[in-house]
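S.K.: Residue numbering for the sequence shown follows this note's numbering, beginning at 5 and increasing consecutively. For every residue, glycine included, the Cβ atom is placed at its ideal position computed from N, Cα and C. The model shown is predicted, which means the values in this text are computed figures rather than measured ones. Once you've had a glance at the structure underneath, I'll fire off some questions.
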Amino acid sequence: MTTEPVEQHDEEIESEVEEESSSAASPDLQFPCPNCGAEMRWDPDADAMRCNYCEHVVQVPRAEGTILERPLSEAGSAARGLGLERRVIRCDTCGATVSLDTGETADVCVYCGSPAVLDQDANRNAIRPESLIPIDVGKDDVESAFRKWLKGLWFRPSALKQLKHFDAVGVYTPFWTFDCRVHSDWSADAGYYYWVTQTYWTTVNGRRVMRTRQVRKVRWVPKWGSRDDAYDDVLISASLGRPHDLVNKLGPFDLNALVGYRPEYLAGWRAEEYQVDLETGWGRAQQIVEHEQERRCGGDVPGDTHRFLRVANAISDTRWKHILLPIWSLQYRFGGKTYTVLIHGQTGNVVGHAPYSWVKITLFVLGLLVAGGIVAAVLALSQLH
Ligand SMILES: [Zn+2]
Ligand SMILES: [Zn+2]
């Protein structure tokens, strides 16, 4: 019912894009300030575009973008590119491909800190993000969250808390989300416990005696059934560069905050290009769905236990969208090493790596041993009396 107006809207976006790329051929700024003509960037604190020079603020209209979830078959017709001119650099160390404003420079990879970054052409054929969560945590909040995090760490070098130089960069990281329906037919042997009384012989005080005991048995009964489930926004990371151990600890994103994609949101920020393509992403989502269905069907089998569970899934109505989620990637150097810390761009949650102070750990362990020795000595003394 809603397909027609949505398709029309799409065409609108595409014609808008052509306009933009033709104007981007001139050396003009992408988002010039209507007040003074300087470059504007997306400002999370103002929740709007802000001029770098005169601080003029321009609201970005939100209602215009309709967040559209597409059937898998429509991947070919999805809009392409980011809709603005960007510089693209690729990290040779971790493989992250990150775009930034044309006027900006990047000497190191935002994820791993490697200086092995090379300019490359933007992938104009990459599927355009359907929506994103605008970065909500500003640079000052990132700094204070990072300092608080450092203070809360145990057994770290004291000098770490006075750390002066670190570089925090806001990055939109790519994800796929998938919706689908699943019809699952299952069959299994349902197991029902029952108890039987067994008699057995044993030796008590050198004499053979007969005893009884309760033994649990299982009665197996073939069962079958089916169930229907719907999945909404199964989230698959499309990133290659990020330290995945950290990302998994960042915590979930509130996808209700997604807004329709507009190039304005990227102004002044990095955006990683997806490295996991739609097909691969769907393969991973499908595994998650199938695994979950197996678990749910297992829960449907009546009785106390089950065996030989077989599940046949029919997945339909698959819809996807490409989204960008905000994180801050912060790097600092300590003792000649680079450490990466990530800050959730929505909640401000901090996860990261930091060096340990082996001196402090050794002192702590020695302290424990001394305390243990004192306790032992006190106990020994108290027993003398
Ligand atoms: Zn201005
Ligand atoms: Zn890297």
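#1: Would you report the Cα separation of Ala234 and Leu282, rounded to the nearest angstrom?
#2: Considering only C-alpha positions, which residue in the set Thr109, Gly117, Leu86 is nearest to Leu346?
#3: Given Thr207, which residues of its chain have a CB within under 8 Å of its CB, disregarding the five upstream and five downstream residues?
#4: How many Å lie between Asp146 and Gln387 at the Cα?
#5: Across the segment 190-199 and the segment 291-306, are there enough close Cβ pairs to call them in contact, namely three or more that are closer than 8 Å?
#6: Along the chain, where does the alpha helix (DSSP H) containing His295 start, and where does it finish?
#7: Going by the CB atoms, is the gap between Ser148 and Val262 shorter than 8 Å?
#8: Reducing DSSP to helix, strand and coil, say where Gln350 ends up.
#9: Given Lys253, which residues of its chain have a CB within under 6 Å of its CB, disregarding the five upstream and five downstream residues?
#10: With a 10 Å radius around its C-beta and 16 neighbouring C-beta atoms as the bar for buried, classify Arg274 as buried or exposed.
#11: Using alpha carbons as the reference points, say which of Ser103, Pro306, Tyr265, Val379 lies closest to Pro226.
#12: Run the Cβ filter for me: residues under 5 Å from any heavy atom of ligand 1, listed in the order they occur in the chain.
#13: Is Ser386 helix, strand or coil when you go by DSSP?
#14: What's the C-alpha gap between Ala130 and Gly41?
#15: Which partner residues does Ile139 have in the DSSP bridge list?
#16: According to the neighbour-count rule (16 or more other Cβ atoms, all chains shown, within 10 Å of its Cβ), is Lys221 buried or exposed?
#17: Could you name the residues of the same chain whose beta carbon sits closer than 7 Å to that of Pro133, not counting the 5 residues immediately before and after it, in chain order?
#18: Check whether the Cβ of Tyr278 sits closer than 7 Å to any heavy atom of ligand 2, and report yes or no.
#19: With Pro38 as the anchor, note down where its beta strand (DSSP E) starts and where it stops.
M.R.: Here's the rundown:
#1: For Ala234 and Leu282, the gap between their C-alpha atoms comes out near 20 Å.
#2: Ranked by how close their Cα comes to the Cα of Leu346, the residues Thr109, Gly117, Leu86 have Gly117 in first place.
#3: Beyond the five residues adjoining it in sequence on each side, Thr207 comes within less than 8 Å, by CB distance, of Val213 in the same chain, given in chain order.
#4: Per the sequence shown, residue 146 should be read as Val rather than Asp. Their Cα atoms are separated by approximately 57 Å.
#5: Touching, yes, given that three or more Cβ pairs across the two stretches are closer than 8 Å.
#6: First-last of the alpha helix (DSSP H) with His295: 282-304.
#7: With the sequence shown as reference, residue 262 is identified as Leu, and Val is not the correct amino acid for it. The answer is no: Cβ separation not under 8 Å.
#8: Gln350 carries a coil assignment under DSSP once its states are collapsed to helix, strand and coil.
#9: Hits under 6 Å: Val355.
#10: Arg274 counts as buried, since no fewer than 16 other beta carbons sit within 10 angstroms of its beta carbon.
#11: For Pro226, the closest alpha carbon among the candidates Ser103, Pro306, Tyr265, Val379 is that of Pro306.
#12: Any residue whose Cβ sits closer than 5 Å to a heavy atom of ligand 1 makes the list: Cys37, Asn39, Cys40, Ala42, Cys55, Tyr57, Cys58, His60.
#13: Under the three-state reduction of DSSP, Ser386 is assigned to helix.
#14: Cα to Cα, the separation comes out at about 31 Å.
#15: Paired residue(s): none; Ile139 is not in a bridge.
#16: Burial call: exposed.
#17: Within the same chain, Tyr265, His326, Ile327, Leu328 come within 7 Å of Pro133 by CB-CB distance, once the 5 residues on both sides are set aside.
#18: Ligand 2 has no heavy atom closer than 7 Å to the beta-carbon of Tyr278.
#19: No beta strand (DSSP E) contains Pro38, which DSSP labels as neither H nor E.
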